[in-house]
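Asks: FYI, my numbering numbers position 186 of the sequence shown as 186, with every residue one higher than the one before it.
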Amino acid sequence: MAFSVVLTFSGNLEYVKVPKIVVDLIFTLAIPLMLLSDNLFKTGFSFSEQWGARNAYIVAALIPTAYILIDFYRTRVINPYTIVAAASALLNGALAFLQVDGWKFALRDSYAHIVIFIIAAISLAMNRPFFGELMKMILNPDNDAKKALYQKFVASSAIQKAVITGTIIIMVEALLNGAINFIMNYKNVIADFGTKEFNAQKAGVDAAMRPISIVMNLISYGLAFYFVTWNSKNEFGEKASPMEDHFWEALEQHHNPQPTPNSAD
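#1: Find the nearest neighbour of Leu247 within the set Tyr150, Leu69, Asn127, judged by alpha-carbon distance.
#2: Using 10 angstroms around the beta-carbon of Asp38, count the other beta-carbons present and answer buried if the total reaches 16, otherwise exposed.
#3: Determine the DSSP secondary structure at Leu40, reduced to helix, strand or coil.
#4: Do Ala191 and Phe182 have their C-beta atoms closer together than 8 Å?
#5: Would you identify the three-state DSSP class for Phe97, choosing helix, strand or coil?
#6: May I have the straight-line CA-CA distance separating Ile159 from Val228, to the nearest angstrom?
#7: For Ile58, which option in His254, Ile68, Gly132, Leu35 has the closest C-alpha, if you only look at C-alpha atoms?
#8: Within 10 angstroms of the Cβ of Leu7, are there 16 or more other Cβ atoms? Answer buried if so, exposed if not.
#9: Give me the Cα-Cα distance between Ser232 and Pro32, rounded to the nearest whole angstrom.
#10: Tell me whether Phe47 is buried or exposed, calling it buried when 16 or more other Cβ atoms sit within 10 Å of its Cβ.
#11: In chain order, what residues of the same chain have a beta carbon less than 7 Å from the beta carbon of Ala162, not counting five sequence neighbours either side?
#12: Using alpha carbons as the reference points, say which of Ile114, Arg128, Arg108, Tyr81 lies closest to Met137.
#13: Whole-angstrom Cβ separation of Ala240 and Leu223, contact assumed at under 8 Å?
#14: Compare the beta carbon distance of Gly178 and Ile114 with 8 Å and say whether it is the shorter of the two.
#15: Please determine, among Ala60, Ala56, Ala85, Asn79, the residue with the shortest C-alpha to C-alpha distance to Ala68.
#16: For Phe45, which of helix, strand or coil comes out of DSSP?
#17: Reducing DSSP to helix, strand and coil, say where Ser239 ends up.
#18: Taking Ala203 as the reference, give the member of Gln50, Ala56, Trp103 with the closest Cα.
#19: Please state if the CB of Ile116 and the CB of Ala61 are separated by a distance shorter than 8 Å.
#20: For Met184 and Met209, which I take to be in contact (beta-carbon distance under 8 Å), what is that distance rounded to the nearest angstrom?
#21: Are there 16 or more other CB atoms within 10 angstroms of the CB of Val100, so buried, or fewer, so exposed?
#22: Return helix, strand or coil for Phe247, following the three-state DSSP convention.
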């Protein structure tokens with residue numbers, strides 16, 4: 001979901017496309033933090049005081065849920081990752097009405113990491129590694145020739161080991177991320193649920209945890225991609241990087257090598 005910003009300099013309308021990551025952060029982080037703040041922009045204004053602490057908390061939780069579901073409906077892209085995102089959004093919306101505090105709230109706030117860990121573990125048990133599904137989505141073998149090459153690609157023992165390793169890395173990251181989030185909430189969100197203080201403490205933890213979570217995600221998925229890329233190049237040649245445009249040509253050349261002009265008949 002990308003939005004356009006209208007600029008009216010010189011009396012003309014110009015449209016600048018905002019990167020999706022910026023829009024994501026606005027709806028999933030910035031707006032909820034504003035709703036939970038007990039001193040918005042140091043003005044003394046608080047949505048918790050205006051709407052009631054419980055109502056402000058519920059709205060702050062439902063806005064990211066609504067945004068993710070609307071984005072899912074708008075794009076209509078069905079794959080394991082969008083399904084997980086939509087399911088997590090629905091779960092987040094439902095859990096917003098769960099009035100708990102203390103360790104129960106800390107556990108509830110870590111649900112997304114728990115879900116990823118469980119899904120990744122189940123995918124390994126079913127011999128359908130979670131990261132392998134992501135690779136299929138990214139590579140997008142959209143014709144018969146590419147589908148045939150993709151099947152040979154994933155049939156390689158080196159690639160199978162790489163996607164298993166990538167899935168394990170994602171599992172470990174989800175476990176660590178969830179544990180850190182649990183501890184941060186347990187130690188810092190100590191007020192009773194439904195109070196202005198609770199919302200402010202929750203906003204503080206969210207502001208601290210989001211950069212940490214993003215960095216950990218980037219590192220874990222980056223490592224997973226590195227293992228697949230490294231194994232792919234070793235197995236199919238230096239040009240067989242899944243993130244490069246000539247990936248399919250490299251696979252084709254590996255499996256169906258063309259004779260050189262100087263080769264003997």
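Glycine included, every Cβ here is placed at the ideal spot set by N, Cα and C.
Replies: Answer, in terms of the structure:
#1: Here residue 247 refers to the residue found at position 247 of the sequence shown. What sits at residue 247 in the sequence shown is Phe, not Leu. Among Tyr150, Leu69, Asn127, the Cα nearest to that of Phe247 is on Tyr150.
#2: Start at 1 with the first residue of the sequence shown, and residue 38 comes out as number 38. Its Cβ being crowded by 16 or more others within 10 Å, Asp38 is buried.
#3: Reading the sequence shown from its first residue, position 40 is the one you call residue 40. Residue state, collapsed to three classes: strand.
#4: Position 191 of the sequence shown, counted from the start, is the residue given in the question as residue 191. Position 182 of the sequence shown, counted from the start, is the residue given in the question as residue 182. Cβ distance not < 8 Å, so Ala191 and Phe182 don't count as in contact.
#5: Looking up residue 97 in the sequence shown gives position 97. In the structure shown, Phe97 sits in coil (DSSP, three-state: anything other than H, G, I, E or B).
#6: Counted from its first residue, the sequence shown places residue 159 at position 159. Counted from its first residue, the sequence shown places residue 228 at position 228. In a straight line, the C-alpha of Ile159 is about 6 Å away from that of Val228.
#7: Here residue 58 refers to the residue found at position 58 when the sequence shown is read from its first residue. When each option's Cα is compared against that of Ile58, the closest is Leu35.
#8: On the sequence shown, position 7 is the one that residue 7 refers to. Below a pLDDT of 50, predicted positions are generally treated as unreliable, and Leu7, at 43, falls in that range; no measurement from the model is reported.
#9: Counting from 1 along the sequence shown, the entry for residue 232 is found at position 232. Counting from 1 along the sequence shown, the entry for residue 32 is found at position 32. In this structure, the straight-line span from the alpha carbon of Ser232 to that of Pro32 is close to 42 Å.
#10: Numbered from its first residue, the sequence shown carries residue 47 at position 47. That one is buried.
#11: Position 162 of the sequence shown holds residue 162. Only Phe227, Val228, Asn231 meet the Cβ criterion.
#12: Residue 137 sits at position 137 when you count from the first residue of the sequence shown. Nearest C-alpha to Met137: Tyr81.
#13: Here residue 240 refers to the residue found at position 240 of the sequence shown. Here residue 223 refers to the residue found at position 223 of the sequence shown. Wrong, their Cβ atoms sit about 19 Å apart, outside the cutoff.
#14: Along the sequence shown, one-based indexing puts residue 178 at 178. Along the sequence shown, one-based indexing puts residue 114 at 114. Yes, Cβ-Cβ distance for Gly178 and Ile114 is below 8 Å.
#15: In the sequence shown, counting from the first residue as 1, residue 68 sits at position 68. The identity of residue 68 in the sequence shown is Ile, whereas the question assumes Ala. Of Ala60, Ala56, Ala85, Asn79, the residue nearest in Cα terms is Ala85.
#16: As a first step, residue 45 must be located in the sequence shown, where it is residue number 45. Of the three classes helix, strand and coil, the one that applies to Phe45 here is strand, per DSSP.
#17: Start at 1 with the first residue of the sequence shown, and residue 239 comes out as number 239. A small fix is needed here, since residue 239 is Lys in this sequence, not Ser. Residue state, collapsed to three classes: coil.
#18: Within the sequence shown, residue 203 is the residue found at index 203, counting from 1. That would be Ala56, whose Cα lies nearest to the Cα of Ala203.
#19: As a first step, residue 61 is located in the sequence shown; it is residue number 61 there, counting from the start. As a first step, residue 116 is located in the sequence shown; it is residue number 116 there, counting from the start. Their beta carbons are not under 8 Å apart, which means Ala61 does not touch Ile116 by this criterion.
#20: Here residue 184 refers to the residue found at position 184 of the sequence shown. Here residue 209 refers to the residue found at position 209 of the sequence shown. Between Met209 and Met184 the Cβ distance is about 6 Å, and since that is below 8 Å, they are a contact.
#21: Here residue 100 refers to the residue found at position 100 when the sequence shown is read from its first residue. Result: exposed.
#22: As a first step, residue 247 must be located in the sequence shown, where it is residue number 247. In the three-state reduction of the DSSP assignment, Phe247 falls in the helix class, which pools H, G and I.
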